[in-house]
Structure formats: C-alpha cells, structure tokens
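Per my numbering, the very first residue in the sequence shown carries number 463; after that it's consecutive.
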Amino acid sequence: MAAVLKKRALAEYSTQVLEQQPPVKKLKCLVKLSALTTGATLSLVNTISGRKTSNEIVQILLQILEQLQFQDSDISNILIKLSENFKLQSDSTVKILIFSVLSAIGSSDETSEDNVYKIVEEIFILMKEVKSQKIKTSGLKTLLALGKRMNHDMALHLKLTNYAKKTLGDYRPNITCESLEVIGELMPVKIPQDSLEIHSEMLKLIGSYTQHYNAKTRSNAFNTMVRLHDRGIRLNPAVYLDVCSVINDDNEMVREAALNVISVLGNYYPEERIKGSNGEEMARMSDEAFENICNFMTDISYRIRTQAAKLLGSFLSVSTNVLLKTLDQTLMSNLRRKRTSIERVWECLAKGTAMMSALSTKDTPQEMLDAQQVSLVSTGASGAYLHGLEDEFLEVRIATISSMCSLATRHSEFAVIAMEFLVDMFNDEIEEVRLIAIESLVKLSYASGLRDDQVEIILAVIEDSSSVVREGLHNIFASFELLNQEGLMMCTNRLIESLKKYPEDKKSIWNCMKNLGLRHPTLTLALVPELLAIHPMFETPEPNVEEPSYVSVLILVFNAASKCNSIISLLEDKTIKHYSYLRDIMPHLVPSLQLGGRLSISQVELRSTESDSPKSLELLESLINQVSAVKGSTKVKISLLETFYHNLIRLAQLDQSVNGTAELSALYMHSQLLLNKVLNNNNKTFYSNAVSTHQANNVRTNISQLLQNTLKMQYLFVGLSVQELASIKQFKLKVIALLLVYIVNATNQSARALSHYFLTQLEDTIKYISEHDLQLEAFTSVVFKELSQLEESKPGIVAKLLLPILQNSEPTPPPKPNTNIKMCKVVINRPQGGPDTTHKLSAGLILPIPLNAELYSLQTDSLSLLRLKIKYPDQQTHLIMPPRNHLRLVNLSNESYYLLDTNALISHRSEWSEACFVELSLAFDLTETEGALAHVLPPTQPCIVDLCKPVKLKVHPKPVRRGM
C-alpha cells in the first residue's frame, strides 16, 4: 500500500499541466490608467461611444481626469470625440465633466498653443447650444483656465473678455458672477492708445452690476473692480461716490467687497479732492475714505469690523488730525467743524437768501440742547479705534491693535497717544491679544518714554503666568526710556521680584537689565548707593555673587558704568572683584570697563574672550595636526588619541568660542578609540558567536555606543562644512560595516535589511564626495572597489569581504577646526528634580509635570525629530512629540534659541510599593530617518540620541480609591 501511495505521489509531482490563457472577456469595468500606454486618454475617449448609461461615461471621464496620458497629436481626435459625445448626451454631469477634461488637457504643458486655440474655438461652438446654468458656468470656468494658460496672448484675452461681456446679460446670477471673474482675470491691460475707452466702458459696465438684485453678483462686481485695479486698469476716482452710495448694503459680502474698493481708491488717490459726506466741504479722498471705513467699526458683523480694522492700517497717508480723532472719546459730528452763526449768515448773504433763515439757526448753548435731537448714527472717525479695542471679539481687537501699530510707526504724534491705549490692553483676558499689544508697543519705542503711571500698569502684569508675555514685557523695558529715577527703581525692584518667582526668566531679565543700564546711565548713577546697598560709614556684608538677583543689579550698574565713568568711582572693592568674575563668565552681558589702577588683577580684567579665541583655535589646530602627523604602529596612534581626547574635552569646557568644533573633534576621537577597541579584541568577539554572554554584551554595548556617537556627529552639530560632513559619512560607513559583520557572524538575526542599508549608504556617500570633488578615504575606496567586483550582494558575502578591510583599517584624524560649528544642547530649567519632592498620582491616571527647557543651536529641520523622553524604573521608555506651538524662537541681542514650555505626561498602569525615580529628558528620535539601525541591537536604542542629562523625578503611583 505504501509503495502504491509513493508511486501515486511521484506520478502526481511529475505530471505537467499546460495552463491555457482564458479568452479576453469584454468587461464593462474600466482599465486602470497606470497600466495604460501614452495614448491612454485617446483610448478611453474612444470607448465612450460604446457606453449605454451616463454613469459609465462619468466613470470613464473621472478616470481620464485622474491621470492624463496623451500626446499633442492625439488632441484633435480627442476633441472631435468629446464634442460628439457632448452633443449626444443630455446629462448635465457628463457635459460638465467633458468641459473639465478639456480644461485639464488645455492647461497641460504638453499641449501646444495651436491646440489650445482649437479647444477654445470648440468650446465657443458648444456653448451656443447650452442653456443650463451649471453647464454654462462650467464652460466659462474652462475658458478662464485656458486664458490663464495663454497669459501672453492679448488677442485671445480680448476675445474671451468680449464673450464674457455678452454673457453678462444673462439673468442667472452664477453665469453673471463667472463672467465677471473672467473679465477681472483676463481683461488686457496693455492695449493701443486709440482703444483706451474699452477700459472705461468695461469699468462702467461692471459698476452697473453693483446695483444688481443678487447680492453675490454685487459682491463679485466690487471684487472685479479691485482685481482690475490691482492688475493695472486703474479705477476712476469718480467711482468713489457711487460706491459710497451702496456701501450700507444689507448683505455682509457686499459691504466687505465695497470696503475693499474704498480702501483701494483712498490709498491710490490720497490727494484727490472730493465732496465730503455732508456735501459742503471738499476733503482729501484719503481722509474721506478713512472716515467711511471707520463707520464700519460698529458694524453688526464681526467679520466686517475685523476687515475694517485691517483696512484702516493701510491708510498711511491719512491726515494726522483725522487720525487723532480715532482715539477721541468725545462725540463728534462726523469730524466736521461746526460753523458759527456768523459764518452761516455770511454764507446766506453770499447766496442771496433771506437773513431770517440764517438767524433762525443760531448757536444753542449746550445746556439747552435736547438729547433726543442729537444724532448718533454716523460718528465718522471719532473713537473708531476705541470701539475696536473694546470689541467683544478677539479678532477685532487683534486687527485694531495691528492697525494702530502700522499707523503709529508713520505718525509720531498719534503714536504717543496710542501708547496709552496699548498699555491698557495688557489687562486683556486673552493671551494672544496681550502679546500683540506688547509687540506693537515695542515698535513704538521711538516715539516717547514711559511715564510712571504707564510703568505701574506694565509692572502690574509682569508676573503673568505666561512666559511669553513676561518675556515681551521685559523687551518693553529693554526698548523704552524711563523718565525719572522712581520709574527705574520701581522697574528694577519688580524685575528682581519676578526673577525670584520665575527663575527660568533669568536670561530674559538679565538682557533687560543690560539694556536698562545702557539706556539710563545718568539715572543709574544716582541710584548706585541704593542698588548696591553702599553705606557711607559702615561696611556692608559681601553679597553672594551667584545670587541671580544680585547679578541682575550688577549687570545694570556695570552697563551704565560703560556709558558714565562716574559710576566706577562709587563702586566698592568687593564689587570690582565681582566684576572681574562676571566679566569672565558672561562677557556678552558685562562690558569691558576702564578701571585704571583699582583692579589688582588687571591682567584678568584686560583679558577678553576675543583675545583668547585665536589662542584656543591655534591650540586645537596643533593638537589635530599632531594626530595627523603621527606615524608608526596603531598602538602609538591609539595612545596619542587618548591623550588628545582628554585635552580636547578640557579645551571645550574652558573656551566657549571653540566649544562646538572641540566637542566634534573629541567625539570623533572617542569613536575612533571605541572602534579600535572592538576591532583589536584578542578573542574576536565581534565576529564570532563562540564567546561568553558577558563578552557578547560588551561588544553589543560598544557597537551601540559607536552608532550613537556617529548619529550625534551627523545630527547634533550645525555649521558643518562639506569636508567635515564627508568625514562623518565615511566614518559612519565603518561603523555600519562593523555592525553588519557582527550581525552576520555573531548573531542569528537576519542581516538582509542592514546589508541593503549599508550598500545604499555607500552609494550615497560616493555620490556626495564625487559631487563636491573630495578625496575618498582608504577604507571607503577599498570597499567600493571590492564590492563593485561582486556578482551577488548577499549579507554573508558582503560581511566576509568587509572583515579583513576593517581589521586592516587605521584610525583617521578628526576634521580640521571650524569655529562655525555649534553643538545642539538643551538646558532644562524646570522641573529641578531630586529626592526631596515626591509626585503622587493614582495608578492609571496622568500626572502633568510642567517642563521648561532651552534648546540651543537647533535647526528648523530638526524640530520634527524632537521628542520628550520619559524612562520609568521598569525600563519602559516613552517618547512623546511636543506640540509645535509649545516651541518658540527667542531672539536676544547676543544669541537666539528655542524655548520649550510644555507638560510631561507621566502615568503608569500599576501602583508601586514605594516611590521611584522617573528620568525626564529631551532626545532626537531618528527611527524614521535611520530605520535600518533602529532594531538591530535590542534592547539598546541607538537611534534615540539624548540631548541632555535626564532630570530624575521621584514618582509614586498609588492604588485608585474606590467609592463607597
């Protein structure tokens, strides 16, 4: 029986089956366009005539629109077929889609101009028989798209606008609106001199549609006028009165569009004299338009109020007297000067009218005025900005503040008054409004100084919970001049109190103190004894120079002393000693002072960072040159590398000017030492699996550290030159080659993805070096030469080839020093961490920990890599992407950095028996960019690059309390 089964199995396996291709079925489903040839569009168009239902034709047309594949020679046939089907079909959807296909074909770069003309002519023919509003509107949109495609052909544009002019007479609003849009976009600007009346006639025709019964048509007419004006067809200033007659339209869209027309006219013809709204006085058009827009600051729609506030900021040529009335709190009669009774009598005599009518309109005393007879309908510009600042919608308030700021920068008299109201906006309940007010006030620092009452209002909000607001207030004091000693002393004391409450504001407050000292040297001179607690008879205790508040006062005094030498004579010896210390550790905040013989260590005082930088750079260059010049065995080079590595670490700590390039050189040397340690191991643990677990773990850890160092050099340093980046890329190839050899020979993991990644990196590196005409290192050159001779690139073959090349490779010297290199660093200001405070939470719930950190030398491209790293005692690691709006760029006078202000969300599912430490830090997540390296060495995470040392928080999740 077994023999029979075996025989049947063999027969079964030896049977040959000939598969015949089934006949092609005539399916109604559509063929995927990606599988079609270049003439696929024509093929699909030919299949339309065989379809019976409109749904099938719609599917074909949609498929054509998804991906056009045609040649210019096919367009004639396509056009004929589509025209035939357009005439045969009665479904409006099919006809609209045919117009869309024609628009897509005509807008394509592959279509010649002659074929575009053919399409336009065919559309004209097809539109003759169209009566549907939707189809006709679609046809006009197609003509508009084709006209934009032929933006240089004025004759075609004139033809299209004449056609749109004819369709304007259609009673259906959608067709009228689309015709207006065609005219606005395609009306030729440059026409012969004898045909200029075409522009005026067209503008007059469009103006007539501002009285149309349909609100959308009226709005589009105004928008078309603005569009034509922007393109160069200038509106006639006489249009202004016509627009004003319809500006109080019931529809919101129409009012918004009319405001735009008034703004355009007022800004383009500022000096044009027109009749005012009372019809009696001649006024500048800029002033009249400004007043008309001011009336809409009390419109019922907040969108109109916002639009009006924005447009007011564009009137840079408005008269100052008109502008000042926008901040006037008294009721005005539309900004018109009230004529006296004598002037009215004289006017009556000049006109020949009766005297009695003039005398009957005598001035009435204010006490006898009837409140019911006073009209409050039109107040003009009076109090317009006050309405905007007190509006209930934040959009209106923000637009008003921005508008005031733009006008105040041009009118200094207006800026002085506007400062009063901008300071009042610091008490707004919305943070965004407060920030806009602060930024606007800083721009007005040229106009006037801050009075004591204004200083008090600003200082009342100096302890705002938002760090952005506090920093903005610091910028105000750094930008403005204070008028007296009381204001300066009050400002200094409150800033010091704020520093004690918010230590993370240290840099911003110190920068503010620096500018206060530079701007107020004379006022500071009188306050030096009070600021430094100098007693005329008794010696006071020496303050702690590490105290931030005392450092703030010293920064203020020393910067004032740089402008007023008399302050130096008032300083005590202990203050001079503190000056020498602060000058060394923060030279960007403490200026150089000429102290004469008062400083016993004058050598320290005269030394500056700038004079030390060349020496440090020379020392760094000499160290690297010595490494490059060393000849002999590899052991000698390694011993020298170790010595130079420690020297570079020390140099990076001493001099900040060469910190970046010294850190890079030190990291490069440390990676060379680590690589040599793995390669020259006597028991060959990196390419053999016959080793102990302890040895294997050591090799795994070293390789993981090598990968991290390589990624740090590539991603944490900014300002790298082409040569430095090429050196880092080639060293990265060495590390990946070592990792590939280790994975193939010492583990059971699959190395196919890693091998492909190595070959890709090799190709990219060779391409990068060849593009910049650089020289390959010995390792890269040999690897490229050997791999190019391989027929197969299997991981085992590649690893076998790389092993002897790695063993024979020699350490390469670090790149040459470059002072432009900066290393990305992070300083966490909050939380402080430590064992004193225990954060308690219920298990399974979330505990938000406020995090404030400063990120230096961070590139904009690296923001997407930033993660908040939370490591729990059970070795679980959570990576959280901080919201983008929690990061903001801080620009100080000497540096710029990113400030991260967010919450670290800590949670754990189970309760703990006792409190443990949770590590909180910031890191780069390179898992996506370096995907092949992410999971090759579990449980290590080489693609998670730490940016700072973690802060340890003591956390204790407790069991959840159950209800009764």
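Idealized CB from N, CA, C, for every residue including glycine.
Burial state of residue i, where buried means 16 or more other Cβ atoms lie within 10 Å
| i | result |
| --- | --- |
| Ile-542 | exposed |
| His-997 | exposed |
| Ala-720 | buried |
| Asn-1121 | buried |
| Leu-524 | exposed |
| Val-858 | buried |
| Ile-1086 | buried |
| Thr-629 | buried |
| Met-999 | exposed |
| Glu-1125 | buried |
| Ser-707 | exposed |
Helix, strand or coil at residue i according to DSSP, with G and I counted as helix
| i | result |
| --- | --- |
| Met-664 | helix |
| Pro-635 | helix |
| Glu-1316 | strand |
| Asp-915 | helix |
| Ile-459 | Residue 459 lies beyond the residue range present for the chain, which begins at 463 and ends at 1426; the question has no answer from this structure. |
| Leu-1033 | coil |
| Leu-588 | helix |
| His-1050 | coil |
| Ala-1305 | coil |
| Leu-1216 | helix |
| Lys-1331 | strand |
| Arg-1423 | coil |
| Pro-1076 | helix |
| Thr-1123 | helix |
| Lys-1414 | strand |
| Asn-682 | helix |
| Ser-1383 | strand |
| Arg-1350 | strand |
| Ile-560 | helix |
| Leu-944 | strand |
| Ser-707 | helix |
| Asp-1408 | strand |
Sequence-distant residues of its chain with Cβ nearer than 7 Å to residue i (five each side left out)
| i | result |
| --- | --- |
| Gln-478 | Summary for Gln-478: the model assigns pLDDT 45, below 50, so the residue's position carries little reliability; its value from the coordinates is reported in the next sentence. For Gln-478, where only same-chain residues beyond five positions count, there are no Cβ hits under 7 Å. |
| Phe-1246 | Leu-1224 and Ile-1228 |
| Leu-897 | Val-930, Val-931 and Gly-934 |
| Ser-1062 | For Ser-1062, the pLDDT reaches just 48, beneath the cut-off of 50, and the residue's location in the model is therefore unreliable, although a value from the coordinates is still provided. Within the same chain, Ser-1062 has no close Cβ partners at all. |
| Leu-530 | Thr-503, Ala-566, Ile-567 and Ser-570 |
| Met-589 | Lys-598 and Gly-601 |
| Glu-893 | Ser-928 and Val-931 |
Contact set for residue i: own chain, Cβ-Cβ below 6 Å, skip 5 residues either direction
| i | result |
| --- | --- |
| Ala-1396 | Thr-1389 and Cys-1405 |
| Val-1066 | Confidence at Val-1066 is low in this model, with a pLDDT of 44, below 50, so the placement of that residue should be treated as unreliable; the coordinate-derived value is given next. The residues are Ser-1042. |
| Ile-863 | Ile-898, Ala-899 and Ser-902 |
| Val-1289 | Glu-1316 |
| Ala-1427 | In the structure as shown, the chain starts at 463 and stops at 1426, and residue 1427 therefore has no counterpart that could be examined. |
Identity of the residues DSSP links to residue i by a beta bridge
| i | result |
| --- | --- |
| Met-445 | Lying before the first or after the last residue shown, residue 445 is absent from the chain, which here runs from 463 to 1426. |
| His-1108 | Paired residues: none, contrary to the question. |
| Arg-1045 | In the DSSP output, where bridge partners are listed per residue, Arg-1045 has none listed. |
| Val-1285 | According to the sequence as given, residue 1285 is Met; it is not Val. Note: Met-1285 sits in a beta bridge opposite Phe-1179. |
| His-1340 | Ile-1332 |
| Gly-1296 | Leu-1415 |
| Ala-1366 | Ile-1311 |
Cβ-based neighbour list, residue i, same chain, cut-off 8 Å, excluding 5 preceding and 5 following
| i | result |
| --- | --- |
| Leu-1195 | Phe-1220, Gln-1223, Leu-1224, Thr-1227, Phe-1241, Thr-1242 and Val-1245 |
| His-982 | Glu-943, Leu-944, Leu-950 and Ala-1022 |
| Ala-1114 | Val-1120, Asn-1121, Ala-1124, Glu-1125 and Ala-1128 |
Residue i: CB within 8 Å of a non-hydrogen atom of the ligand GDP
| i | result |
| --- | --- |
| Cys-1286 | What this structure holds is no ligand at all, so the ligand GDP is not there to describe. |
Stretch pair the stretch 1224-1237 + the stretch 1160-1177: three plus CB contacts closer than 8 Å
Counting C-beta pairs closer than 8 Å gives fewer than three between the stretch 1224-1237 and the stretch 1160-1177, which falls short of the contact rule.
Is there contact here, the stretch 1267-1282 with the stretch 1296-1303, by at least three beta-carbon pairs under 8 Å?
Flag = no, the stretch 1267-1282 and the stretch 1296-1303 do not touch.
Looking at C-beta atoms only, is the number of pairs between the stretch 944-960 and the stretch 989-998 that lie closer than 8 Å three or more?
Result yes; three or more Cβ-Cβ pairs closer than 8 Å.
Tell me whether the stretch 877-886 and the stretch 898-909 touch, counting them as touching only if at least three CB pairs, one residue from each stretch, are closer than 8 Å.
Yes, the stretch 877-886 is in contact with the stretch 898-909.
Should the stretch 972-979 be called in touch with the stretch 1364-1373, which here means at least 3 C-beta pairs below 8 Å?
The stretch 972-979, when compared against the stretch 1364-1373, does not touch it at the 8 Å Cβ threshold.
Three or more C-beta pairs under 8 Å: does that hold for the stretch 755-770 against the stretch 721-729?
Yes: the two stretches touch, three or more of their Cβ pairs being nearer than 8 Å.
Counting pairs of beta carbons, one from the stretch 1282-1294 and one from the stretch 1175-1194, are three or more of them closer than 8 Å?
Contact holds: three or more Cβ-Cβ distances are below 8 Å.
Between the stretch 1398-1414 and the stretch 1343-1353, can you find at least three pairs of beta-carbon atoms closer than 8 Å?
Fewer than three pairs of CB atoms, one per stretch, sit closer than 8 Å, so the stretch 1343-1353 makes no contact with the stretch 1398-1414.
So does the stretch 1319-1329 actually touch the stretch 1369-1383, counting three or more Cβ pairs closer than 8 Å?
These segments do not touch.
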